[in-house]
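All remarks here apply to the structure that follows.
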Amino acid sequence: MDYPVQQSLFEGEDAEVSPPEPGLYAGTSGWSYADWEGTLYPPGLAPAGRLARYAGRYTTVEVDSTFYGIPRGSTVRRWRHAVPRGFLFAAKFPREITHERLLEGCGELARRFVDVMRGLGDRLGPLLLQLPPYLESKASSRLEDFLDGLPAGPRYAVEVRHRSWLDLDLEEMLRGRGVALVLVDSPGMPRMEVATAGFVYIRLLGDRRRFPSRHTHPRCDRTEDLVWWSRRIDRFLAEGREVFLYANNHYQNHSPTTVDQLFTLRGRD
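Residue numbers for the sequence shown follow numbering that gives the first Met the number 0, so the first one is 0 and each next one is one higher.
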């Protein structure tokens, strides 16, 4: 799978960014949304310029497009060169692995995906294994085998979306492997606040049925929810863990606003 050439606003290897709060990487799920023109992006900005503009404001992004297929190595290298040092990409495992093969017989494919994403070098953040809502906890041994077969080095996070996993000792399984349990704010799953790795992965998802399109501005107030998450972030940071948080457009209808509001609540500009 290939993508447009990315333009860079950052010249040379000396360009570097850091999160406004040490240890807290907060960004959005995806960056190339035409709906954000007039807010995050100036009107008429070419799609190839969006990533660099995004990286001028946030220090991390969750790549959603990898869910639909493994990108070319050349594409990943262009992503890397479009952003400064200190910026981190999280990325979803492809749906062929998680939703089609259901983690079976796809070890080689998973290793190929990880190898391609390693092309990000020092810009590589956690890799997200998002399980489908129809995969139940009876597949736990399959998940264990899959995780054990992943290449060492990258950080991995697992998101479960069927409630049967809540009755399993999932936390211990992941903790023993240094894999993060993804903490979600979504109608389909309860909020959890447990850390199973040296980093925490939070996803503010919302309900896509409520805000299916036209993500041009926020359409609901989630202040109380963001305060709740901010307090958990305080605890995770105090424990010495890095926190990766990603907001989806369906959370408030405009994910850049969600991230900005979180930083405002935390006294960060």
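Using N, Cα and C, we set each Cβ at its ideal position, and we do this for glycine too. It should be emphasised that the depicted structure is a prediction, and the values quoted were computed from it without experimental measurement.
DSSP on residue i, reduced to helix/strand/coil?
{"i": "Thr222", "result": "helix"}
{"i": "Gly184", "result": "The residue asked about is misnamed: residue 184 is Asp in this sequence, not Gly. The answer is strand: DSSP assigns Asp184 an E or B state."}
{"i": "Gly48", "result": "helix"}
{"i": "Ala109", "result": "helix"}
{"i": "Leu204", "result": "coil"}
{"i": "Phe210", "result": "coil"}
{"i": "Ala138", "result": "helix"}
{"i": "Glu312", "result": "The first residue shown for the chain is 0 and the last is 268, placing residue 312 beyond what the model contains."}
What are the boundary residues of the beta strand (DSSP E) that includes residue i?
{"i": "Pro255", "result": "That residue, Pro255, is in no beta strand (DSSP E); its alpha helix (DSSP H) goes 254-264."}
{"i": "Tyr155", "result": "155-158"}
Less than 8 Å between the C-beta atoms of residue i and residue j, yes or no?
{"i": "Leu182", "j": "Thr257", "result": "no"}
{"i": "Ser28", "j": "Ser229", "result": "no"}
{"i": "Arg76", "j": "Gly118", "result": "yes"}
{"i": "Pro83", "j": "Ala14", "result": "yes"}
{"i": "Ala179", "j": "Val159", "result": "no"}
{"i": "Gly197", "j": "Arg267", "result": "no"}
{"i": "Ser89", "j": "Thr59", "result": "Reading off the sequence, residue 89 comes out as Ala, not Ser. Contact flag set, yes."}
With distances taken from CA atoms, which of the options is nearest residue i?
{"i": "Ile69", "options": "Asp166, Arg111, Leu39", "result": "Arg111"}
{"i": "Arg208", "options": "Gly239, Leu39, Gln251, Ala237", "result": "Gln251"}
{"i": "Asp121", "options": "Leu261, Ala138, Pro41, Trp78", "result": "Trp78"}
{"i": "Val62", "options": "Asp168, Tyr245, Asp184", "result": "Tyr245"}
{"i": "His249", "options": "Asp34, Glu107, Pro21", "result": "Asp34"}
Got a sec? Which residues, its chain only, sit under 6 Å from residue i by beta carbon, not counting five neighbours each side?
{"i": "Ile232", "result": "Val242"}
{"i": "Arg221", "result": "Gln251"}
{"i": "Ala54", "result": "Val82, Phe86"}
{"i": "His216", "result": "His253"}
{"i": "Cys278", "result": "Lying outside 0 to 268, the shown extent of the chain, residue 278 is not represented and no answer is given."}
Using beta carbons (cut-off 8 Å, strictly below), is residue i in contact with chain B?
{"i": "Arg221", "result": "Given the protein chain composition of this structure (a single chain), no chain B is represented."}
Starting from the C-beta of residue i, find all residues in its chain whose C-beta is less than 8 Å away, skip the five residues before and the five after it, and write them out in chain order.
{"i": "Asp114", "result": "Pro150"}
Where do the ends of the alpha helix (DSSP H) carrying residue i lie?
{"i": "Thr59", "result": "First-last for Thr59: 59-62, but that is the beta strand (DSSP E), not the alpha helix (DSSP H)."}
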